[in-house]
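Going by the working numbering, the first residue of the sequence shown is number 2, and it counts up by one from there.
All remarks here apply to the structure that follows.
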Amino acid sequence: MTPTTLPPAPLHHDAARRVADTIAGRLADAGAVAAATGVPGVFTSSELHWSPPSLGRGHAGISLLFSSRVTRDPVNAALAHGHLARSEALRQEADRTEVGLYGDVCGLSFAMECARRATGGYGRALASLDPQVAAQADGWCELVRREPRGTMSRYDVISGLSGFGRSLLLRGGTCRDSLTRVLETLVAMARSIGDPETATPPGLWADGPPSSDGRGSASVREHGHLNLGIAHGITGPLALLALAHREGVVVKGQREAAEQLISVLGRFEENDAYGPFWPGIVSREEWFAGRVEGIHRPRPSWCYGTPGVARALQLAGESFGWPDQVERARRAVAALAGTPLSGCGLAESGLCHGLAGTLHMLGYFTEPSPEPGVICGMRDDLAAAIVARFRPEYAFGYRVEMLNSPVGGDFPGFLEGAAGIALALDAYADGGASSLWDAALLAT
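Below you can see the structure in the form of structure tokens.
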């Protein structure tokens, strides 16, 4: 048996907490936050990085920071409520609904459930949201039943069934029927494995390219792709199936569906000088060939990289009793921890595709293991890099990179903005302890 040792304490605890406290102070007043949000100076942008009612880019997501801090100071309960109230008011005024966990209805329900567990209350508000969330989730299930092929937004974490399923699972028995339908739909999609003889792609195949700007190879633009990332790909459903099984919510074929998804990951696992990793997407030709040619290790982000994929494998291994998958995830993260942080492609600081997401996900691999020092060392380096990027002159300390603004934008949200960065720094300072908020990442 390989000897294990306990992980060391966070090296940059004080600096991380100091930055998180500063961000929290700047996000405390919901009205002031809205006024300070946007693209500074003369620059403008059509890119959406602020959606006021939503979980991903609005007040619902910002509330998670304060709900997570209630045990440190009860005043945070009122600050969380301020953002939740503003989210609800803006949702009522909006002329359209943003569907999915990272949208407004399901996102607000998720954030309120986190607040309820931290402070109590919100029972009546949650009860009013439950049927709306269930109706949106059921709509996706019906669409998949009628039209088996479509975009990745049908099943992904951000807009689709994986995210809906995680929120419904968090709500417990009150939403069990809808959760069951979500799981059954994902199981059916995952078990539809495709047929090379008839050029039939698998059920979780996504039409079109992975990004809305149309970037990607001609084949991906024409024929679509199989996405392997946790945010938009097959590891999102894998994580949900594992989390539901862990909590005793089981539907027919759930284990077999998880096995099928893991077999796909095994088929496309690659190795470089550091160890195993996975490509972000697989084209039609690569799917039928069984491998991706000329692939290089992608950036180690939550959304598409090793941290998210490895966490999904770890959850599946722990939930279904597959120690080989837990070990497989550990090896992949150990390989990642051995790569140089400089030049890895993490240009941003946020949760989705930046330093904060990688920092947080690696926290699930620092339990007693053969190499906790290596993984904790990378987490220390990530935390130090995030702290070093803090700029007091920016509205929220950090700016989000944008295609149409060379100076970026001041955005406070959960997914790419300052609230998510502060949550990751808090978790790091706490020693990587699991937090309810990261259920939105399908990390727990």
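Every residue, glycine too, gets a C-beta built ideally from N, C-alpha and C.
Keep in mind it's a predicted model, so treat the numbers as computed, not measured.
- Between ALA419 and PHE397 a beta carbon distance of about 4 Å is seen, short of the 8 Å cut, so the two are scored as contacting.
- Within the stretch 26–81, the complete alpha helix (DSSP H) runs of at least 4 residues fall at 31–37 and 60–68.
- In this model, GLY59 and GLN315 are separated by some 30 Å (Cα to Cα).
- LEU244 sits buried, since 16 or more C-beta atoms from the chains shown fall within 10 Å of its C-beta.
- Going by DSSP, HIS224 is part of the alpha helix (DSSP H) stretching over 219–224.
- DSSP, read as helix, strand or coil, puts ALA428 in helix.
- Annotation: the continuous alpha helix (DSSP H) that includes ALA258 extends over 255–268.
- Ranked by Cα distance from PRO277, the options GLY306, VAL250 and LYS253 are led by GLY306.
- About 12 Å separates the beta carbons of ALA317 and LEU443, which is beyond the 8 Å limit, so they are not a contact pair.
- Classified as buried, HIS246 has 16 or more neighbouring CB atoms from the shown chains inside 10 Å of its CB.
- If you draw a straight line from the Cα of ALA440 to the Cα of TYR365, it comes to about 13 Å.
- Secondary-structure assignment with DSSP links PRO277 through a beta bridge to ASN272.
- Each residue's CA atom was taken as its position, placing ALA348 and PHE391 some 13 Å apart.
- The beta carbon of ALA78 lies closer than 6 Å to those of VAL71 and THR120 in the same chain, with the five residues before and after it left out.
- For ASP196, there is no enclosing alpha helix (DSSP H), as DSSP gives it neither H nor E.
- DSSP places HIS13 outside any alpha helix (DSSP H), giving it a letter other than H or E.
- VAL408 sits in coil when the DSSP states are folded into three classes, being neither helix nor strand.
- The beta carbon of ILE63 lies closer than 8 Å to those of LEU28, ALA31, VAL34, HIS84, PRO413, GLY414, PHE415 and ALA420 in the same chain, with the five residues before and after it left out.
- Between the stretch 290–299 and the stretch 205–214 there are fewer than three inter-stretch CB-CB distances shorter than 8 Å, so the stretches are not counted as touching.
- Inter-residue distance for LEU109 and GLU294 is about 42 Å (C-alpha atoms, whole angstroms).
- Only residues of its own chain outside the window of five on either side were considered, and among them MET113 have a CB closer than 7 Å to the CB of ALA126, listed in chain order.
- Residue pairing of ILE282 in beta bridges, as defined by DSSP: ASN228.
- Within the stretch 158–198, the runs of alpha helix (DSSP H) that reach at least 4 residues and sit entirely inside it are, in chain order, 162–172 and 177–192.
- About 16 Å separates the CB atoms of PRO238 and TYR103; that is not less than 8 Å, and the two are not in contact.
- Segment contact: the stretch 330–343 against the stretch 267–283, three or more CB-CB distances shorter than 8 Å; contact assigned.
- In this structure, ALA200 lies away from GLN261, with their beta-carbon atoms at least 9 Å apart.
- GLY309 and VAL76 have their C-alpha atoms some 33 Å from each other.
- Counting only runs of 3 or more residues that sit fully inside the stretch 384–408, no beta strand (DSSP E) segment turns up.
- Of the other Cβ atoms in all chains shown, fewer than 16 fall within 10 Å of the Cβ of LEU49; this residue is therefore exposed.
- In the displayed model, ALA444 falls within coil according to three-state DSSP, outside both helix and strand.
- Looking from the CA of LEU144, the closest CA among GLN93, ALA259 and GLY161 belongs to GLY161.
- Taking the Cα positions, GLY346 is about 43 Å away from ALA128.
- For the pair HIS354 and TRP303, the CB atoms are nearer than the 9 Å cut-off.
- Only residues of its own chain outside the window of five on either side were considered, and among them GLN137 and SER160 have a CB closer than 7 Å to the CB of VAL100, listed in chain order.
- In the three-state reduction of the DSSP assignment, THR152 falls in the coil class.
- For PHE111, the enclosing alpha helix (DSSP H) stretches over residues 106–120.
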